[in-house]
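Numbered by my numbering, the letters in the sequence shown go through residues 8 to 191 in order.
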Amino acid sequence: KETLNIKFLKSCELVLNSAYKEHIHAMCDVTNGGLRGDLWEINYEADCGVTIYEEQVRKLVNSNVLSMLEKLGVDYLGVSLDALLIYCPEKQAKEIIRDLKSNGIQCAEIGFVDKSNQVNMIFEGENKKEILPRFRESAYTKIKQEVGEDTPQQKEQMEKMIEISAIKSLEKRKKMIDYINNSV
């Protein structure tokens, strides 16, 4: 019950049916990988950076969920938050916040875009720190805790195997296309 946020759907509907939707540069739901992963992914694709105020983010998280995650030692920035993340100009941010709040939806401006190509977070008002995505989302179940969040040591080997598999798949595809074209 605590983690099901149906207001999320209403938020999406309000924003997508608004006059300011044309001014939205990026919008996503905060899911696997959490805020730290989604911010990094958007910044990577948009070739920009962002500075986030952790205190503003913390206020938006359900207090019961946040308390549970903290008791379990789970990084709340690395899990799905049933939240909507929007990149837009400041003028539209104010309009979006006004409209969502007037519909009973909790929201806030949590930061600003910059040219750093990093995800920086300001903790406790002044301590600025770069945050990076993890290999996996925060481990909030026993199985995920056993698997862990760190990049496996054999990551390079895994990447090479994937590359080899992709090449083989393309070769098989070409053979099949050639076979079909020559059979017709």
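For glycine and all other residues, C-beta sits at the position ideal for the given N, C-alpha and C.
Counting only runs of 3+ residues, the beta strand (DSSP E) found wholly inside the segment 32–83 occupies 33–36, 56–60, in chain order. Relative to Phe15, the option among Met75, His30, Leu88 whose CA is nearest is Leu88. If the five residues before and after Ala100 are omitted, its C-beta is found closer than 8 Å to the C-beta atoms of Ile93, Glu116, all from its own chain and listed in chain order. Under the DSSP definition of a beta bridge, Lys136 partners with Met128. Taking the Cα positions, Glu163 is about 21 Å away from Trp47. Here Pro96 has His30 as same chain residues with Cβ atoms under 7 Å from its own Cβ, once five neighbours each way along the sequence are excluded. Setting aside the 5 residues that flank it on each side, Lys28 is surrounded in the same chain by Val22, each with a C-beta closer than 8 Å to its C-beta; the list follows chain order. Counting only residues of its own chain and dropping the five nearest sequence neighbours on each side, Asn110 has a CB closer than 7 Å to the CB of Lys17, Leu21. Around the beta-carbon of Ala173, fewer than 16 other beta-carbon atoms lie within 10 Å, marking it exposed. Boundaries of the beta strand (DSSP E) harbouring Asp121: 118–121, taken from the DSSP string.
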